[in-house]
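Below is one structure, written out as structure tokens; comments come after it.
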Amino acid sequence: MIGGDEYLKVARSLLKAEDATDEEIASSTGLRINMVRKVLYDLFGKSLITGIRVKDERKGWFVYRWRTRREEVEHFIESQKKKITERLQQRFDYENYSDFYHCGNEDCHRVTFEDALEGMFKCPSCGNVLNLKKNDKSKKAYSKKIDEIKKDMQQTF
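Residues in the sequence shown are numbered consecutively from 87, following the numbering used here.
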């Protein structure tokens, strides 16, 4: 994804107004002006917003009025969901087609069958015996998340 709370605040501020300056956005969000500008430039670089340069009649200098490009935002969200779904599917496939072994020690990582075999089924960290570790919970969680995102994508478009 592209950002944290500051991105969300700036996006919400822009969606409420037809267009706004960086100062207006900073005022409505409570963010510092330099943070607002950083977010705006990043969103502009991703073609999610546009900026129009206009002369401020009171101050006499040029300012940018920013506005969202709703179609581009929707396309961006859709492409991000597809990327996330692909990554989750890859991870699900890895979990589904691999056997994992673990010694039972919380400080140690699980290892694949190949690594367990190479180490004679001894934990590479603590030396304890490795046992088959079920990963049904992980597989179920990945599958559920993939289904949720796909369902959301079908409802959206």
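Positions of the beta carbon are idealized from the N, C-alpha and C atoms, including for glycine.
> Nearest to I163 by CA position, among N191, L134, K141, S224, is which residue?
Replying inline: Taking the first residue of the sequence shown as 1, we reach residue 163 at position 77. The candidate whose alpha carbon is nearest that of I163 is L134.
> Can you find at least 3 beta carbon pairs, one from the region 196 to 210 and one from the region 228 to 242, that sit closer than 8 Å?
Replying inline: Below 8 Å, too few C-beta pairs join the region 196 to 210 and the region 228 to 242 to call them touching: fewer than three.
> With 16 as the cutoff for other CB atoms within 10 Å, does K223 come out buried or exposed?
Replying inline: Locating residue 223 in the sequence shown gives position 137, where the first residue counts as 1. The residue is exposed, with fewer than 16 neighbouring Cβ atoms inside 10 Å.
>> Less than 8 Å between the beta carbons of L126 and W147, yes or no?
In response: Taking the first residue of the sequence shown as position 1, residue 126 is located at position 40. Taking the first residue of the sequence shown as position 1, residue 147 is located at position 61. No.
> Can you name the start and end residues of the beta strand (DSSP E) that T154 belongs to?
Replying inline: On the sequence shown, residue 154 is found 68 positions in, with the first residue counted as 1. 148 to 154 is the extent of the beta strand (DSSP E) around T154.
>> Only counting the same chain, and skipping five residues up and downstream in sequence, which positions put a Cβ closer than 6 Å to that of T115?
In response: By one-based count along the sequence shown, residue 115 stands at place 29. Answer for T115: K95, S99, listed in chain order.
> Which residues share a DSSP beta bridge with K208?
Replying inline: Taking the first residue of the sequence shown as 1, we reach residue 208 at position 122. In DSSP, K208 forms a bridge with V215.
> Just curious, the alpha helix (DSSP H) that K141 is in, first and last residue?
Replying inline: For the purposes of this step, residue 141 is identified with residue 55 of the sequence shown, where counting begins at 1. Annotation: K141 is outside any alpha helix (DSSP H); the continuous beta strand (DSSP E) that includes it extends over 135 to 141.
> Based on Cα-Cα distance, which residue from R196, N182, K124 lies nearest to H188?
Replying inline: Taking the sequence shown and counting its residues from 1, the one referred to as residue 188 is at position 102. Residue R196 is the option with its Cα nearest to H188.
> Y187 lies in the beta strand (DSSP E); which residues open and close that run?
Replying inline: By one-based count along the sequence shown, residue 187 stands at place 101. Taken as a continuous stretch (DSSP letters only), the beta strand (DSSP E) holding Y187 covers 186 to 188.
>> Please identify the residue among R139, T136, I138, D108 whose C-alpha is closest to the C-alpha of K124.
In response: For the purposes of this step, residue 124 is taken as the residue at position 38 of the sequence shown. Nearest option by C-alpha distance: D108.
>> For E229, which residues in the same chain have their Cβ closer than 8 Å to its Cβ, ignoring the five residues on either side in sequence?
In response: By one-based count along the sequence shown, residue 229 stands at place 143. At residue 229 the sequence reads Ser, which differs from the Glu that was named. Once the five neighbours on either side are set aside, the close Cβ partners of S229 are F178.
>> Can you tell me whether L216 is buried or exposed? The criterion is at least 16 other CB atoms within 10 Å of its CB, across all chains shown.
In response: By 1-based counting over the sequence shown, the position of residue 216 is 130. Looking at its Cβ environment, which holds 16 or more other Cβ atoms inside 10 Å, L216 is buried.
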